[in-house]
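S.K.: There's a structure below that I have some questions on.
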Amino acid sequence: MTISWKLLLVFFLLAVGIGVAGFLYLENQQAFIKRHQEEELAAIADLKVGQIVNWRQERISDAEAITQNPLLARTVQQWRTEPDAAWLKPELLGWLTALRQAYGYRNAFLLDTEGALLLASPERDGPFDPNRIHLALQAARTQQALLSDLHSDAGATNAHLDLVAPLLSVQGGESVPVAVVLLEIAPDEFLYPMIQSWPTPSESVETLLVERDGDDVLYLNDLRFRKNAALALRLPLSTERLPAAAAVRGYEGILAGIDYRGVPVWAAARAIPNSPWSLVAKIDAAE
416 MTISWKLLLV FFLLAVGIGV AGFLYLENQQ AFIKRHQEEE LAAIADLKVG QIVNWRQERI
476 SDAEAITQNP LLARTVQQWR TEPDAAWLKP ELLGWLTALR QAYGYRNAFL LDTEGALLLA
536 SPERDGPFDP NRIHLALQAA RTQQALLSDL HSDAGATNAH LDLVAPLLSV QGGESVPVAV
596 VLLEIAPDEF LYPMIQSWPT PSESVETLLV ERDGDDVLYL NDLRFRKNAA LALRLPLSTE
656 RLPAAAAVRG YEGILAGIDY RGVPVWAAAR AIPNSPWSLV AKIDAAE
């Protein structure tokens, strides 16, 4: 009887010891997985930020190359001021078309310094969006290349960005704008796929591009789990534990939260330098 009691005590102690060891091992593994996932989220968020910054700078460089081309400015000025220079119109239109096709822009326009449309590739009819005219006037006034925010024109559904480049002519020792080139960028052709790509397979990972719009956080790109969300989905900044809201309020780092589906997630938040955008890389906590 005494031996049986001792054996039972030994068995109990062994069972407790194995249970504690297993629990500690599980806790250690959970902490390791969590730490590894946080490091991966942070690394991917930094990678995406770098890609977006480079992409934006490449677009600005495209526009600056146009601005710094005095021959192009003189050609436009000659076409507009000399009655016998009408032959230059098809050449300028051909240049616009080649520019659009070579660099993957959706549309290309040539405007005067008052915002009136002179040439378009492909050709178009109808009124020009006032926001585009305002951006063109700003570029002419500042004599600098400008990149707009993501937006949709009035009556349109396709999101896009506008890149504008003033054409400058030197007159009396000073640079004078003679026209503005406006290039329409379709984000679904490169920007959105770049944002959404992920280096490892996963059932729930997602990258969000967001910005503050008044008292809301506005989602700028298409989402993995919601159709037609770009520039359409907005949630109050006061939404509890929403990583996107924390990001646009200026938070940068790792956080646990509830995403736009109401699902618990781990997320990395980052600001995009020299832009109004923020980025959130996230994964479902369950995964």
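Mind the numbering: the sequence shown is residues 416 to 702 in our numbering, read in order.
Heads up, the beta-carbon is just placed ideally off N, CA and C, and yes, glycines get one too.
(1) Going straight from the alpha carbon of Phe524 to that of Gln483, what length do you get?
(2) Contact between the stretch 570-589 and the stretch 550-558 is defined here as three or more beta-carbon pairs at a separation below 8 Å; is this criterion met?
(3) With Gly509 as the anchor, note down where its alpha helix (DSSP H) starts and where it stops.
(4) Would you list the one or two residues that DSSP bridges to Arg521?
(5) I believe Asp630 touches Leu652 by the beta-carbon criterion, under 8 Å. Please report the beta-carbon distance rounded to the nearest angstrom.
(6) Return the residue from the list Gly665, Lys697 and Gln516 that minimises the CA-CA distance to Ser690.
(7) From this set, Gln586, Val591, Gln472 and Leu423, which residue's C-alpha is nearest Ala554's C-alpha?
(8) Rounded to the nearest angstrom, how far is the Cβ of Leu650 from that of Val632, given a contact under 8 Å?
(9) Exposed or buried, which one is Leu423 when buried takes at least 16 other CB atoms within 10 Å?
(10) Once you ignore the five residues that flank Val625 on each side, which residues in its own chain have a CB closer than 8 Å to its CB?
(11) Starting from Lys697, follow its DSSP beta bridges and name the residues at the other end.
(12) Please report the residue range of the beta strand (DSSP E) in which Leu582 lies.
(13) Do the CB positions of Ile459 and Pro602 come within less than 8 Å of each other?
M.R.: In brief:
(1) Taking the straight line joining both Cα atoms gives about 18 Å.
(2) The answer is yes - the stretch 550-558 touches the stretch 570-589, with three or more Cβ pairs under 8 Å.
(3) Per DSSP, Gly509 belongs to the alpha helix (DSSP H) from Leu503 to Tyr518.
(4) In the DSSP output, where bridge partners are listed per residue, Arg521 has none listed.
(5) With a Cβ gap of about 6 Å, Asp630 and Leu652 count as contacting.
(6) It is Gly665.
(7) Residue Val591 is the option with its Cα nearest to Ala554.
(8) Cβ atoms of Leu650 and Val632 come within 8 Å of each other, at about 6 Å.
(9) So Leu423 counts as exposed.
(10) For Val625, where only same-chain residues beyond five positions count, the Cβ hits under 8 Å are Val632, Leu633, Tyr634, Leu635, Ala659, Ala662, Val663, Trp692, Ser693, Leu694 and Val695.
(11) The partner list for Lys697 (beta bridge, DSSP) reads Glu621 and Ala682.
(12) Its beta strand (DSSP E) spans residues Leu576 to Gln586.
(13) Cβ distance not < 8 Å, so Ile459 and Pro602 don't count as in contact.
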